[in-house]
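Novice: Taking the numbering used here, I'd label the letters of the first sequence as residues 5 to 645. Backbone N, C-alpha and C define an ideal beta-carbon position, used for all residues, glycine too.
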Amino acid sequence: MINITLPDGSVKQFEKGTTSFQIAQSISEGLARNVLAAEVNGQIWDSSRPIETDASIRLLTWNDTEGKATFWHSSAHLMAEALEALYPGTKFGIGPAIETGFYYDVDFGDREFSSDDFKQIEDKMLELARKKSEFLRKPVSKQDAQTYFTDKGDEYKLDLIKDLADGSITLYSQGDFTDLCRGPHIPNTGFIKAVKLTNVAGAYWRGDESRKQLTRIYGVTFPKQSELADYLKMIEEAKKRDHRKLGKELELFAFSERVGMGLPLWLPKGAALRERLVNFLQRAQMKSGYEPVITPHIGHKNLYITSGHYEKYGADSFQPIKTPQEGEEFLLKPMNCPHHCEIYRTKPRSYKDLPLRFAEFGTVYRYEQSGELHGLTRVRGFTQDDAHLFCRPDQVKDEFKKVVDLVLYVFGALGFENFTAQVSLRDKENRAKYIGSEENWELAETAIIEAAAEKNLPTVVEYGEAAFYGPKLDFMVKDALGRKWQLGTIQVDYNLPERFELEYTGSDNAKHRPVMIHRAPFGSLERFVAVLIEHCAGNFPLWLTPEQFIVLPISEKYEDYAKKVLESLNNSDIRGLIDLRDEKIGRKIRDAEVKKIPYMLIIGEKEMAEGVVSLRKHGEGDLGSMKAEEFKNKLITEITV
RNA sequence: GCCGAUGUAGCUCAGCGGUAGAGCACUUCCUUGGUAAGGAAGAGGUCAUGGGUUCAAGUCCCAUCAUUGGCUCCA
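#1: Starting from the C-beta of Ala484, find all residues in its chain whose C-beta is less than 7 angstroms away, skip the five residues before and the five after it, and write them out in chain order.
#2: Do Trp209 and Gly97 come within 8 angstroms of each other at the CB atom, strictly closer than that value?
#3: What does a CB cutoff of less than 6 angstroms around Tyr348 pick up in its chain, not counting 5 residues either side in sequence?
#4: Please report the distance separating the alpha-carbon of Tyr294 from that of Ala233.
#5: Relative to the C-alpha of His189, which candidate in Gly419, Ser24, Ser51 has its C-alpha closest?
#6: Please classify Asp398 as buried or exposed, where buried requires at least 16 neighbouring CB atoms within 10 angstroms.
#7: Should Thr327 be labelled buried (16 or more other beta-carbon atoms within 10 Å of its own) or exposed?
#8: Kindly provide the ranges of any alpha helix (DSSP H) runs that are 4 or more residues long and lie completely inside the segment 57 to 92, ordered along the chain.
#9: Would you be able to state if there are at least three C-beta pairs under 8 angstroms between the segment 212 to 224 and the segment 56 to 73?
#10: Less than 8 angstroms between the C-beta atoms of Arg382 and Ser321, yes or no?
#11: From the DSSP output, in three-state form, read off Tyr369 for me.
#12: Pick out the complete alpha helix (DSSP H) segments inside the segment 485 to 562, 4 residues or longer, and give them in chain order.
#13: Tell me whether the beta-carbon of Val535 lies closer than 8 angstroms to the beta-carbon of Leu491.
#14: When DSSP labels each residue in this structure, what does His304 get in the three-state scheme?
#15: Could you check what DSSP says for Asp127 in three-state terms: helix, strand or coil?
#16: Starting from Ala276, trace the alpha helix (DSSP H) in both directions and tell me its first and last residue.
#17: For Pro525, tell me which candidate among Leu581, Val411, Val44 has the shortest Cα-Cα distance.
#18: Could you tell me whether the segment 486 to 500 touches the segment 460 to 478, using the rule of 3 or more Cβ pairs below 8 angstroms?
#19: Quick check on the DSSP output: the alpha helix (DSSP H) that includes Ser618 runs from which residue to which?
#20: Exposed or buried, what is Tyr562 when buried is set at 16 or more other beta-carbons lying within 10 Å of its beta-carbon?
#21: With DSSP collapsed to three states, give me the class of Gly200.
#22: Given a cut-off of 8 angstroms on the beta-carbon distance, is the pair Tyr602 and Leu546 in contact?
#23: Rounded to the nearest angstrom, what separates Arg503 and Gly312 at their Cα positions?
#24: Just to confirm before moving on: does the CB-CB distance between Lys273 and Lys228 stay below 8 angstroms?
#25: Is Met604 closer than 8 angstroms to Ala596 when the C-beta atoms are compared?
#26: Under the rule that 16 or more other beta-carbon atoms within 10 Å means buried, what is Asn444, buried or exposed?
#27: By alpha-carbon positions, which one of Met520, Lys200, Lys95 ends up nearest to Asp158?
#28: What's the gap between the Cα of Pro518 and the Cα of Pro352?
#29: Buried or exposed: where does Ala514 fall if 16 or more other Cβ atoms within 10 Å of its Cβ makes it buried?
#30: Determine the direct distance from the alpha carbon of Lys488 to that of Gly379, and round the result to whole angstroms.
#31: For Glu560, tell me which candidate among Lys600, Asp512, Glu609 has the shortest Cα-Cα distance.
#32: Report the three-state DSSP secondary structure of Ser311 (helix, strand or coil).
#33: Return yes when the Cβ of Ser428 is within less than 8 angstroms of the Cβ of Glu458, no when it is not.
#34: Check whether the Cβ atoms of Arg396 and Tyr355 lie closer than 8 angstroms to each other.
#35: Can you list the alpha helix (DSSP H) stretches of 4 or more residues lying completely in the segment 408 to 489, in chain order?
#36: Could you tell me which of Gly416, Asp402, Lys200, Ser629 sits nearest to Ile521, measuring between CA atoms?
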């Protein structure tokens with residue numbers, strides 16, 4: 005007999021070799037029917053796998069993240085089975101579960117494949133699912149695995165097996181399909197009741213640009229048809245929040261082929277919004293001891309040779325601007341830091357001057373790959389809310405923490421609660437892509453890790469995500485469609501001060517090297533606005549929104565009074581407009597609602613007679629009437645919250 | 001940059017070999033209307049661009065550009 009410990013701490017005895025499915029059965033048949041897999045001593049196992057020793061187990065169902073992952077991973081196998089049945093000779097790469105759904109990278113050889121083929125595959129998958137084929141686990145030797153896939157002619161699987169240790173290799177089969185797989189899987193394909201292939205894309209084998217590109221098919225499956233319907237509905241909702249769609253509808257920004265791809269044009273309303281963000285941050289920075297600086301949009305090529313950016317990115321950037329002077333070259337600035345370093349160098353600095361905090365809303369230009377451009381989130385010209393802090397080594401951690409506070413303040417003011425702080429460190433293996441001494445990197449990485457810990461940030465560590473000159477703390481936020489974007493960033497840099505030979509005189513009267521912190525709470529205004537749009541679905545906080553209210557006269561007769569009301573309200577802090585079109589009030593209200601204008605002031609016979617306005621709030625409806633002055637105070641109170 | 005998809009009126013889209021369409025927006029006129037679309041008329045397009053096939057090309061083929069979903073990249 006073996007002792008099985010359940011999550012509630014209770015211990016039950018079972019025969020040796022009992023499966024977690026049987027354990028579930030002993031609890032309830034209903035549970036057993038829903039068990040997809042089980043966590044056995046911290047590892048996820050098939051629910052049909054015999055347990056031979058004492059163990060603590062957790063039964064996994066659709067309600068568990070791991071249960072879903074198992075379900076989707078098995079769905080990837082089901083899709084592979086369908087693909088093999090439909091297109092014999094297809095070779096398979098990898099087919100993992102992802103956050104929502106799964107994908108499989110496959111090689112169709114010469115066969116052209118597009119989303120038009122989805123229907124056929126979905127149908128085949130459902131057909132195979134109905135067979136309720138069991139997923140059978142089979143441990144094999146490395147030799148046998150290699151023989152199997154050599155016979156099958158699947159070089160990708162062989163490539164994978166090459167790196168696996170003998171004795172750890174398992175194959176899984178369901179129906180006529182066998183795959184190299186660590187598992188685990190759901191009991192049988194019959195659990196999969198709803199299938200939707202979502203998109204098709206190219207993906208390099210093993211993520212390596214120099215290797216062959218496979219076809220990646222994404223899909224998602226559910227144990228109930230209704231869950232698929234819910235999912236599709238959710239996707240529709242998310243699309244409504246897409247900043248590219250809302251940016252057009254709300255007339256915030258635009259792009260023009262003539263201006264150039266990836267170069268955003270801010271329309272009046274978008275510019276008003278952006279201006280408010282800038283003012284907001286500027287005030288916060290003033291309070292925190294930042295000093296505004298301004299630098300030009302271009303810089304001499306030598307500046308970037310000094311900084312190291314030219315060597316690293318020169319070939320893939322906008323190419324140098326020539327002048328009538330032979331051999332003279334300037335670059336559009338891709339970064340503000342070299343300029344700021346030169347500002348630091350304008351006079352001798354004392355340890356008493358530090359930290360120095362130079363802030364600039366600096367517009368930079370980077371030649372992003374054409375396939376990378378995406379709305380406002382990935383562009384070729386953008387404005388960073390940049391600042392560079394020059395401090396003594398003993399001030400680094402404190403300054404870093406102050407920046408964290410500023411970022412949190414900014415996020416808080418704008419309602420971003422679901423972010424993660426990503427500690428971006430060097431690649432563990434490939435250190436050649438970074439510049440600077442081992443010692444300085446150690447110092448910088450330690451400073452970030454400690455500061456993040458002391459601030460209790462929800463942190464994830466990512467290796468290989470550091471900038472080439474130093475580690476970063478990146479604040480990551482998801483967009484409406486679940487894609488992750490980096491917003492704020494804080495970076496510790498020991499290298500640029502060295503390259504620019506920055507110095508200060510210490511209390512010992514000797515020269516010392518300052519440490520630089522690069523930081524941008526928004527990251528870029530473009531990306532920030534994009535994520536903000538999706539976050540609030542275009543319903544901006546009152547203080548930010550381009551138009552806070554609109555005056556709607558019921559007919560021409562009340563125009564003069566309406567105009568007077570507007571005049572009495574508009575000032576530098578609050579902004580509204582008036583709808584003088586020859587339309588009925590219902591129409592004016594509808595249009596204002598569609599434009600997501602927070603407040604509507606309706607003015608007719610009654611209001612004019614009583615000297616009041618009728619107030620209607622976007623998305624909520626009629627709020628009754630009040631004096632214009634009262635509304636003004638209400639607005640001001642709401643804005644200053 | 002790579003793989004796939006898309007490009008028709010300001011916007012959203014239909015048309016897929018035989019004389020360019022709809023809804024909304026826009027202009028003019030009628031209407032002066034009380035909390036999410038009042039009515040009528042009008043104007044608006046070398047069907048992304050350049051080649052090719054055809055008696056005939058938004059419609060089929062090729063290339064280019066742009067957009068888009070991913071991949072790679074992201075100072």
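Specialist: The structure says:
#1: Ala242, Arg245, Asp246, Glu538
#2: yes
#3: Phe394, Leu506
#4: 51 angstroms
#5: Ser51
#6: exposed
#7: exposed
#8: 69 to 90
#9: no
#10: no
#11: strand
#12: 499 to 503, 529 to 540
#13: yes
#14: strand
#15: helix
#16: 272 to 291
#17: Val411
#18: yes
#19: Counting along the chain, Ser618 falls outside any alpha helix (DSSP H), though it belongs to the beta strand (DSSP E) covering 617 to 621.
#20: buried
#21: It should be noted that the sequence gives Lys, not Gly, for residue 200. Looking at Lys200 - three-state DSSP - the assignment turns out to be strand.
#22: The residue you asked about is not Tyr; residue 602 is Pro in the sequence shown. Their beta carbons are under 8 angstroms apart, which means Pro602 touches Leu546 by this criterion.
#23: 8 angstroms
#24: no
#25: yes
#26: buried
#27: Lys95
#28: 12 angstroms
#29: exposed
#30: 14 angstroms
#31: Glu609
#32: helix
#33: no
#34: yes
#35: 442 to 458
#36: Asp402
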